[in-house]
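Counting with our numbering, you get residues 969 to 1088 for the letters of the sequence shown. Think of the CB as a built atom: it goes at the ideal place given N, C-alpha and C, for glycine as much as any other residue. As the structure is a prediction and not an experimental result, all values here were calculated from the model. Take a look at the structure below.
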Amino acid sequence: MDISLKEMLAIDGSIGAVVVDYNSGMALGALGGSKDLDLQVAAAGNTEVVKAKMRTMESLGLKDGIEDILITLGTQYHIIRPISGRGGKGLFLYLALDRNRANLALARHTLRAIEERLEI
C-alpha cells in the first residue's frame, strides 16, 4: 500500500493520495495533503459520494461497476477509483490533483495501473 501511495503522489500535479475503506470512511493510508486539504476529512466525505453513487446505480438497476468518479473544482481535480481487484472490495483510491499542473487523462491512466497492481 505504501508503494501505491508513493506512486499516486508521484503523478504530475498530485496534492494528496489516500486508500479508503468506504464501509467505515477510514483512511487506511494517506500521503500528501495540505492545510487546505485534510485527507482524513476527504476520505470520510468521499465515502459518502461512493455510497450515494452505488445506491443510485442499484435504484436504476444498473449491473455495472464504477470505473472512477471525477469531481472537477475550479483549481483541482479529485479522482475516486473503487478497487476491484484481489481483496480490494470495499476500498477506493482517492487522488487530489492541482488542475494547473495535472494531465487528467494521464493521471486516470496511471491510477488505473496502480489500482491493478495494488495488493491489500
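Within the stretch 969-1023, the complete alpha helix (DSSP H) segments at least 4 residues long are 970-977, listed from N- to C-terminus.
It is roughly 14 Å from the alpha-carbon of residue 1071 to the alpha-carbon of residue 1039. Residue burial is scored here from C-beta neighbours: residue 1011 has at least 16 other C-beta atoms within 10 angstroms and is therefore classed as buried. Rounded to whole angstroms, the separation of the alpha carbons of residue 1016 and residue 1028 is 18 Å. Excluding sequence positions up to five before and after residue 970, its CB lies within less than 8 Å of the CB of 997, all in the same chain and listed in chain order.
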